[in-house]
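**Student:**
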Ligand code: SF4
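Residue numbers (the working numbering), protein chains in the order written: chain E, 216 to 793; chain D, 60 to 258.
Below you can see the structure in the form of structure tokens.
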């Protein structure tokens, strides 16, 4: 994994492929690599859909190795949704295959000629780019069926659907899973629109003939991997909670806490929550011959995903994740499991971020385009995006644009990006992260990682309200570092509670690269990534006023706890004082 | 009047992990009922730990090791000895949850500050036993007294303990007239009639 591939899609005479050594990007992977490259090479004031923007696709530092859980793929660019820097990541097979092919990153550069529909093919012999107009306008599932006919079922694909081709700000990039379904998406921030602007429909990767990446110290690596997998398996969340119910096990809990945004963030509890919970989905999947425990890529130990069949026992979609169930369910007043799974399928097929779409449909419901709870109407509305109708284009541009188009104040966004599934008034600490993350409202930006183990920023008293500022900062630093490894963030629970499992992760990195990284190095890496991202945003015109929640979160109390967002602006401004 | 059956608690034992090994989990209908909330007997003013141990029959080690997320009237609870049951309250019990916010909701979470605005702050036994709402100067209840509280069980706790709770007695609100169970006269009982979940 010591090569970076740059493809200039606008070169004279057709796309030009250039390979170069990783050079000064050595030691970076995943989000660290995408953000460092965007920060260094993309002019912050450029238009996200213009030739100056770059789409950087990078596996993690441990992707393609035998390390469990190491298959996340990062996609970075200047975001058409937020106007700031973006890293969106996805599971699926792509990261493992790209890493085995030896590439630290594939970078799409330049401006594609109008009407381009490129297919990029990567295998052990090299890289080819062809114009493939026959795939133009295809939805992701149909596209992958065509690819299977041509390349077989062992390749890994990275593709866009019609939303990306239309360059809509909520467009995602799909990665295929182990069954070659396009179900894993780099969803957030409109990265699919940037791929569309580069005229690239699909990247097909075949790692046949490429061995697994080998560590510098095989013995140490093997021992570390054993401790790592044991740590993941013995923890109650990663070992049994997630495999049994998936991430949607959170629906009942967050609803119970009163922090489950319902009816476009109007209240914190949804009457139909138990009907769409992870427990209910798991029971339904078993009844219909689906699979409640399944990995999204080879080498996943936790297996939080699943296979959801329709009433006839035929595959409909992956097990919808918590964020999707919330976005298309409670937030839109929909308590029908099949309708939510269908919306998940449509989002994957058209190539859309499920969080942004659920938030946007709810805004449209508040605007009176359709009624809260209207599952059929929601399905039709998402289909409008695939068809490219004027209404579809508005919805596909996200919650902020849709609220503006319909004259509404209540758009639950930060930096133009929709908030995920936790109300920031009830769970104020998450509101701090939504407000201050360089990515826009993002729950994964400050994911649970062992700040108490890392001792980032010293000890924080968990019961002091001010702890929310320090904790948010520490979590954001630690998350940025973990995002560099290519490890699925769900490892966080095991790492959080088990210092020996955190050490096993460090040992994996050290044994693989022959390094001697310590906690301090991890913290320094996380800080460096966040600093580069913040600097990019500042140069793109973001001031501290961008680090705020919409005013109505301070004004409108949310039931049942009747709380408003109470963190002062000056405290938000302290998050990045380190 | 229905009273608590303390003998039943003894037969299930207080220690040693899950009673009787891995539980088969309740039926689909019962699982749906537990997620929406059923009514069970409790002792007014008992702590949440005592409620789980004595009223529901959970082994002590299970409470400590597995019931890591607890809500009382929609507030996440850190101290299950300080949070007290009162007639008509809503208790929700869950295993350890994923995600940052899952970790935030955990009892004594290092991330508890993220939810300061909604966390449960313990209360006095007098308040919990009924306080003014139940007649003011009654004082803490005796062991023979019972009340009804609403209970939700989720995920692993539902799977492990659901059947046992049904066997000890769990009631559903019923729209059918004439179904009134003797529990209807207990403090905390809802206005609707109640029918017992079949074992
Ligand atoms: S835990 Fe879930 S998201 Fe993470 S790699 Fe496994 S299946 Fe994919």
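Even for Gly, the Cβ is constructed at its ideal location relative to N, Cα and C.
1. Given residue 458/E, which residues of its chain have a CB within under 6 angstroms of its CB, disregarding the five upstream and five downstream residues?
2. Residue 439/E by DSSP, collapsed to three states: which one?
3. Quick test of your reading: residue 237/E and residue 219/E, contact by CB under 8 angstroms. State the CB separation rounded to the nearest angstrom.
4. Helix, strand or coil for residue 718/E per DSSP?
5. Quick check: the Cα distance between residue 375/E and residue 351/E, rounded to an integer number of angstroms?
6. What residues in its chain sit with their C-beta under 7 angstroms from that of residue 368/E, if we drop five residues either side in the sequence?
7. My guess is that residue 448/E and residue 456/E are in contact by the Cβ rule of under 8 angstroms, so how many angstroms apart are they, rounded?
8. Quick one: Cα of residue 477/E to Cα of residue 635/E, how far?
9. Going along chain E in order, which residues have a C-beta closer than 7 angstroms to the C-beta of residue 87/D?
10. Inspect the beta-carbon positions of residue 269/E and residue 253/E and report whether they are closer than 8 angstroms.
11. Please confirm whether residue 118/D has its beta-carbon closer than 8 angstroms to some beta-carbon of chain E.
12. What does residue 290/D reach in chain E if we use C-beta pairs closer than 7 angstroms?
13. On the CB-based measure, 16 or more other CB atoms within 10 Å of its CB, does residue 365/E come out buried or exposed?
14. Quick one: residues in its chain with C-beta nearer than 7 angstroms to the C-beta of residue 473/E, no 5 flanking neighbours on either side, listed in chain order?
15. Pick out whichever of 790/E, 755/E, 766/E and 783/E has its Cα sitting closest to the Cα of residue 262/E.
16. Run the proximity test for residue 512/E: is its beta-carbon closer than 7 angstroms to any non-hydrogen atom belonging to the ligand SF4?
17. Determine the burial state of residue 758/E: buried for a count of at least 16 other Cβ atoms within 10 Å of its Cβ, exposed for fewer.
18. If you draw a straight line from the C-alpha of residue 611/E to the C-alpha of residue 567/E, how long is it?
19. My guess is that residue 224/D and residue 101/D are in contact by the Cβ rule of under 8 angstroms, so how many angstroms apart are they, rounded?
20. Under three-state DSSP, which class holds residue 274/E?
21. Where does residue 529/E land, buried or exposed, given buried means 16+ other C-beta within 10 angstroms?
22. Smallest Cα separation from residue 84/D: which of 222/D, 145/D and 254/D?
23. Are residue 572/E and residue 491/E close, meaning C-beta to C-beta below 8 angstroms?
24. Do you know how far the Cα of residue 249/E is from the Cα of residue 272/E?
25. Hey, would you say the C-beta of residue 534/E is under 7 angstroms away from at least one heavy atom of the ligand SF4?
26. So what does DSSP say about residue 127/D, is it helix, strand or coil?
27. Here's the rule: buried if 16 or more other CB atoms are within 10 angstroms of the residue's CB, otherwise exposed. What is residue 440/E?
28. So is the beta-carbon of residue 632/E under 7 angstroms away from any non-hydrogen atom of the ligand SF4?
29. So residue 547/E packs on residue 577/E, CB below 8 angstroms; how close in whole Å?
30. Ignoring anything shorter than 4 residues, give me the alpha helix (DSSP H) runs that lie fully in the region 492-535 of chain E, in order along the chain.
31. Given this structure, state the Cα-to-Cα distance separating residue 320/E from residue 406/E, to the nearest angstrom.
32. Please name the residue or residues paired with residue 221/E in a DSSP beta bridge.
33. With 9 angstroms as the limit, tell me which residues of the region 161-174 of chain D have their beta carbon closer than that to any beta carbon of chain E; keep them in chain order.
34. Are any of the Cβ atoms in chain D nearer than 8 angstroms to that of residue 570/E?
35. Suppose the cutoff is 6 angstroms on Cβ atoms and the five residues either side in sequence are ignored; what does the same chain contact list for residue 398/E look like?
**Tutor:** Looking at the atomic coordinates:
1. Excluding sequence neighbours, residue 458/E sits near 508 and 518.
2. helix
3. 6 angstroms
4. helix
5. C-alpha of residue 375/E to C-alpha of residue 351/E: approximately 10 angstroms in a straight line.
6. 395
7. Between residue 456/E and residue 448/E the Cβ distance is about 12 angstroms, and since that is not below 8 angstroms, they are no contact.
8. 12 angstroms
9. Those within 7 angstroms of residue 87/D in chain E are 498.
10. Against a cut-off of 8 angstroms, the Cβ pair of residue 253/E and residue 269/E comes out as a contact.
11. Taking 8 angstroms as the threshold, the shortest C-beta distance from residue 118/D to chain E does not fall below it.
12. No information on residue 290/D is available, as it lies outside the stretch 60 to 258 that chain D covers here.
13. With fewer than 16 Cβ atoms within 10 Å of its Cβ, residue 365/E is classed as exposed.
14. 483, 484, 641, 775 and 776
15. 755/E
16. Yes, the ligand SF4 has a heavy atom inside 7 angstroms of this Cβ.
17. exposed
18. A straight line joining the alpha-carbon of residue 611/E with that of residue 567/E spans about 8 angstroms.
19. The Cβ separation is near 12 angstroms, so there is no contact.
20. strand
21. exposed
22. 222/D
23. Result no, Cβ atoms of residue 572/E and residue 491/E do not sit closer than 8 angstroms.
24. 7 angstroms
25. Not so, every heavy atom of the ligand SF4 lies at least 7 angstroms from the Cβ.
26. coil
27. buried
28. No.
29. 5 angstroms
30. For the region 492-535 of chain E, whole alpha helix (DSSP H) runs of length 4 or above, ordered along the chain, are 493-502.
31. 16 angstroms
32. 233/E and 322/E
33. 161, 162, 163, 164, 167, 168, 169, 170, 171, 172, 173 and 174
34. no
35. Scanning its chain for C-beta atoms nearer than 6 angstroms, with the 5 sequence neighbours on each side dropped, one finds around residue 398/E the residues 392, 533 and 563, in chain order.
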